[in-house]
Amino acid sequence: MAGFLSRRAALFGGAALLLPAAGGLTRSAFAQSSVVDITRARTDPIPIAIPDFAGSGDGQRVGRDIARVVINNLKNSGLFRPVERAAYIQTPEAAAAAPRFQDWRVIGAQALTTGRVDAASDRVRVEFRLWDVLPEAQIQGTAFTAPAANWRRIAHLISDVIYERLLGEKGYFDTRVVYIAESGPRDRRTRRLAVMDQDGENNRFLTDGSAAALTPRFHPNGQQIAFMSYARGEPKVFLYTLDGGRPEPLGNFPGMTLSPRFSPDGRSVVLSATRGNDSNIYLVDIGSRRERQLTSGGGLDVSPCFSPDGSQIVFNSDRGGDQQLYVMSADGGGIRRISFGRGRYATPVWSPRGDLIAFTRFGGGSFAIGVMRPDGSGERILTEGWGMEGPTFAPNGRVMMFFRETQARDARGSGYSSRLASIDIAGFNERQIVTPTDASDPTWSPLLS
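Anchor point for the sequence shown: position 162 equals 167 in my numbering, and the numbering is continuous, going up by one each time.
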């Protein structure tokens, strides 16, 4: 927990640990007893009560908004069951002062959050506590001081604390997703670079759509994006910094450059480049713009992605006559095929945990999103349908996002739509992510810092 606090304190200018209430067990005593196995939580979500955070004036409004975001985050994970507010007996103000645990046990809550918000000028102080209802003990207590505009991020941070303390896994709520915002007829789509919070809020368009954008990918620092653009007529990889500026091309290389991804250390970009009739994998140093070719030979090698430790790269290729997944060392050696199922494989991405590779598989008129181990074993299909593609992992490796195409009906007849969706890596809790326009090509950021 010390790492979590130090990272958040640097961001917000103040994050303090609140000690357990008198008579409660220490945090270390609850580190094991409060954890619920994720497999169990998938079938039996944790019942948790999340009343509004107490406060007065603007603090009351912010406290209500924070509780709403926390409820939505935990509910959407599929691992928590927020208790209906109509069942609450104790008021938020009273609970923040001293929880009356029998009132929460009787309505079925196993965990309880309480909090208080003090709002002054352009800053807020948010005090948050997480309680284990049965033994009547505090599990976690933290206070954040931050600019008032950051109230939503505080809610995501609180959600991450609850997720980690009760499930024993890192959360993923304090993150962003970069994606392609699509609009217009299918044969004349406008494709803009866009970014949003993981829950679909704070959406922002980064490009104007005058040049089509595709396959955006986050830098490990979460502040830079590599993507493919048609800004100069031919597909080229560009870099974009979220804090301002204009997209800049990654070098001036002949032919097309596409499907970029950053290395884990953020110092280079691995991409596919076409020279003649072949497409091969290249590594480009960001500082010097020097390139190094990693694959060669006939065929199309595309969609490279590093393993989390930077030692290997997965990509898809038709070098064997059909489009399949291959893994090689980071220097281009030891290429080996890992996909052997029915159909063609594409868009591989390595889990941040290093244990899985996600992919798109298509064949027989249908698409599927699945995972396999890095050696190709244990292939599992999570979801399938008419059109879906582009999986991306949340930073904890437990949830994925992808985009799903549908044939829609409008006033003029048959139409087309593309929407983002998320799913647990066990294949449950698939849900649509609401965006202002159609959407495709999502990529999850690391935890914000």
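Beta carbons: idealized from backbone N, C-alpha and C, even for Gly.
Quiz item: Could you give the residue range of the beta strand (DSSP E) that holds N207?
Solution: Run containing N207: none; DSSP gives neither H nor E here.
Self-check item: Secondary structure of W109, DSSP reduced to three states
Solution: helix
Exercise. Could you tell me if A36 is buried or exposed, where buried requires 16 or more neighbouring beta carbons within 10 angstroms of its beta carbon?
Key: Residue placement at A36 is flagged as unreliable, the pLDDT there being 36, under the threshold of 50; the coordinate-derived value follows with that caveat. Under this definition A36 is an exposed residue.
Quiz item: Assuming P56 and P97 make a contact with CB atoms under 8 angstroms, what is their CB distance in whole Å?
Solution: 4 angstroms
Quiz prompt | Whole-angstrom distance between M377 and G315, CA atom to CA atom | solution = 19 angstroms
Quiz item: Helix, strand or coil: which one does DSSP assign to Q459?
Solution: With the chain running from 6 to 454 in the structure shown, residue 459 is simply not present.
Quiz item: From which residue to which residue does the alpha helix (DSSP H) around R157 run?
Solution: W156 to L172
Exercise. Could you pull the start and end residues of the alpha helix (DSSP H) that R73 belongs to?
Key: D63 to S82
Quiz item: Could you give the uninterrupted runs of the beta strand (DSSP E) lying entirely in the stretch 271–320, keeping only those of 3 residues or more?
Solution: 273–280, 283–290, 296–298 and 306–311
Quiz prompt | For A100 and V275, the rounded distance between their alpha carbons | solution = 52 angstroms
Quiz item: Based on Cα-Cα distance, which residue from A125, I94 and S277 lies nearest to V111?
Solution: I94
Quiz item: Excluding the five sequence neighbours on either side, which residues of its own chain have a C-beta within less than 7 angstroms of the C-beta of A216, listed in chain order?
Solution: S234, Y235 and A236
Quiz prompt | Cβ-Cβ separation, R47 to F433 (assumed contact under 8 angstroms), whole Å | solution = 6 angstroms
Quiz item: Relative to the C-alpha of P353, which residue among M333, S308 and G326 is closest?
Solution: S308
Quiz item: Span of the alpha helix (DSSP H) holding P97?
Solution: P97 to A102
Quiz item: Between which two residues does the beta strand (DSSP E) harbouring A142 extend?
Solution: A142 to P152
Quiz prompt | Beta carbon of L425 nearer than 8 angstroms to that of Y168 | solution = no
Quiz item: How many Å lie between R342 and G375 at the Cα?
Solution: 17 angstroms
Quiz item: Starting from G374 and walking both ways along the beta strand (DSSP E), at which residues does that stretch end?
Solution: Residue 374 is actually Ile in this sequence, not Gly. First-last of the beta strand (DSSP E) with I374: S371 to M377.
Self-check item: Between the CA atoms of D443 and S422 - distance to the nearest angstrom
Solution: 6 angstroms
Quiz prompt | Per-residue burial, L24 [other beta carbons within 10 Å of its own, 16 or more giving buried] | solution = Because L24 carries a pLDDT of 41, less than 50, the predicted location of this residue cannot be relied on, and the following value inherits that uncertainty. Looking at its Cβ environment, which holds fewer than 16 other Cβ atoms inside 10 Å, L24 is exposed.
Quiz item: Mapping DSSP to helix, strand and coil, what is I94?
Solution: coil
Quiz item: Which same chain residues, not among the five before or five after D290, have their C-beta less than 7 angstroms away from its C-beta?
Solution: R272 and S273
Quiz item: Does the beta-carbon of G302 have 16 or more other beta-carbons within 10 angstroms, so that it is buried, or is it exposed?
Solution: exposed
Exercise. Taking only the alpha-carbon atoms, compute the straight-line gap between R69 and F58 and give it to the nearest angstrom.
Key: 6 angstroms
Quiz item: Taking buried to mean at least 16 other C-beta atoms within 10 Å of its own C-beta, is T31 buried or exposed?
Solution: Unreliable positioning characterises T31 in this predicted model, as indicated by a pLDDT of 27, which lies under 50. The coordinate reading is nonetheless provided below. Exposed.
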